[in-house]
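Participant: Mind looking over this structure? Questions follow.
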Amino acid sequence: MKPCPCCGYKTLEDNSIYDICETCFWEDHIVQFNDPDYEGGANTTSLRQAQLHFIKFGACD
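The UniProt record's numbering applies: residue 1 is where the sequence shown begins, and numbers increase by one.
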């Protein structure tokens, strides 16, 4: 298992792409991982915004 880039919990399969974290509901997306300010793609919010949402609300959106 690998950690979710949003919440940090090990919820994603090692070689997966587009898996959805069961803890924060972030969809693993390589473009947003490489550019945490990118909005769009698999997730409507950027990774950086989603991380802040997780800290405040316990979910990425």
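Every residue, glycine too, gets a C-beta built ideally from N, C-alpha and C.
These figures come from a predicted structure and were not determined experimentally.
#1: By how many angstroms is the C-alpha of Tyr-9 removed from the C-alpha of Glu-39?
#2: Quick one: what's got a C-beta closer than 7 Å to Glu-27's C-beta in the same chain, skipping five residues either side?
#3: Suppose the cutoff is 8 Å on Cβ atoms and the five residues either side in sequence are ignored; what does the same chain contact list for Thr-23 look like?
#4: Could you tell me the alpha carbon to alpha carbon distance between Glu-13 and Gly-58, rounded to whole angstroms?
#5: With distances taken between CB atoms, is the gap from Phe-25 to Asp-61 smaller than 8 Å?
Facilitator: Looking at the coordinates:
#1: Within the sequence shown, numbered from 1, the residue matching residue 39 stands at position 39. Within the sequence shown, numbered from 1, the residue matching residue 9 stands at position 9. For Glu-39 and Tyr-9, the distance between alpha carbons rounds to 22 Å.
#2: Within the sequence shown, numbered from 1, the residue matching residue 27 stands at position 27. Excluding sequence neighbours, Glu-27 sits near Tyr-18, Ile-20, Ala-42, Asn-43.
#3: Stepping through the sequence shown from its first residue, residue 23 is reached at position 23. Around Thr-23: Cys-4, Cys-7, Tyr-9, Thr-11.
#4: Counting from one through the sequence shown, the residue named residue 13 turns up at place 13. Counting from one through the sequence shown, the residue named residue 58 turns up at place 58. About 21 Å.
#5: Locating residue 25 in the sequence shown gives position 25, counting from the first residue. Locating residue 61 in the sequence shown gives position 61, counting from the first residue. Yes, the pair counts as a contact, with Cβ atoms nearer than the cut-off.
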